[in-house]
Every structure is written in C-alpha cells, then in structure tokens.
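K.L.:
For what it's worth, this note's numbering labels the leading residue of the sequence shown as 321, then goes sequentially.
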Amino acid sequence: MSMYASLTSVLDRTLVRTPPVTGDRPLIRRAALLFTIAATAAVATIVTAPFSAAGGMDPDLVRLLHAMVGIKGIIALAAAALVYWRLGHPIATPVAIGYGTMICVSVAALAWLWTLAGIPLGSLCFYGGLAGLILVGRFDSGLSAGLGR
C-alpha cells in the first residue's frame, strides 16, 4: 500500500464523508474564516518580524523576493476566495475546519516569507497548505455538487 493510499484511508475513516449539515449559517462560517485569516496574518507577522533577513540583502533582491511573495499572495487570495464561496453552501463541520486550517497555514507562511528568513521552509509550508486544501476538497462531498450548478 502506498503512502498516499494509507493517508487517504485514514482520512476516509476520520471524515467518513458525512453529508452536509443542513440549517447552517453560512454568514457565521464566512465571518469566522475572515477573522481567522486576519488573526493568523497578524500573529504570524508579529512572530516572524524579528527574524527579518531583508536588512542584509541587496535592495533589488529584496524587491524581487517581495514581488514573488506578492504573487504567492495572489494565489492564496484566490484559494481563500474559493473557500469563502464553499463556506456559503451546506458543508460538513470537519471539512469546513479543514478548509480553514489549510488556508491559515498558507497565510501564516506568506507572513513568514515576507521576512525573507527561511524561504525554503516557508515555501514548503505555503504549498503544503495549498496541497492540504486539495486533499480536504477530496473529502468534500458537496463540492462536486456545488460545481455542477
């Protein structure tokens, strides 16, 4: 059994593909998403700011790297918009929590990358969060139904 098959079987048993919860309040879920993204960005910025490596680099290199982080920010914004859209429809609670957690991992990684300290590890966290969104989407039974509308 491959590692991927093992991981997905564990997640299948954990999430059990529960049907979407009815009677949810999408406004509360969406507000919680926006709050957690903002809080994650603020905390990650405060925690990583002392480790900034930008002072010892060439200014042109700093501008280039910040532009690259900005592009990653656009990617994260698009992913957050998709999660925001998905939270407006009926969704199982574990799946909603998974979406929120994974987008927050990517947002925290962006704040870390902005300091230009530990770029490889920060990039790994950023793309890990995006890959986590895809993995959570695999267990979202309402996603394919929502895309078909």
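Here a beta-carbon is modelled for each residue, glycine too, at the ideal position from N, C-alpha and C.
Judging by CA-CA distance, which residue of L385, R458 and I394 is the nearest neighbour of G418?
P.N.:
R458
K.L.:
What's the call for I285, buried or exposed, on a 16-neighbour Cβ count within 10 Å?
P.N.:
Here the chain covers residues 321 to 469 and nothing more, so residue 285 does not appear.
K.L.:
Using only the alpha-carbon positions, how far apart do R406 and P379 sit?
P.N.:
Roughly 40 Å separates the two Cα atoms.
K.L.:
Report yes if the CB atom of T421 is closer than 8 Å to the CB atom of T368, and no otherwise.
P.N.:
no
K.L.:
Does T360 come out as helix, strand or coil in the three-state DSSP assignment?
P.N.:
helix
K.L.:
Name the residue from R383, S426 and P370 whose alpha carbon lies nearest to the alpha carbon of A396.
P.N.:
S426
K.L.:
Does DSSP put A412 in a helix, in a strand, or in coil?
P.N.:
coil
K.L.:
Using only alpha-carbon positions, find the residue among V389, P410 and A431 that is nearest to V363.
P.N.:
Distance from the Cα of V363 is smallest, within the candidate group V389, P410 and A431, for A431.
K.L.:
Within the continuous alpha helix (DSSP H) that includes S443, where are the two ends?
P.N.:
Run containing S443: I439 to R458, per the alpha helix (DSSP H) assignment.
K.L.:
I442: buried (16+ other C-beta within 10 angstroms of its C-beta) or exposed?
P.N.:
It is Gly, not Ile, that sits at residue 442 in the sequence shown. Flag for G442 reads buried.
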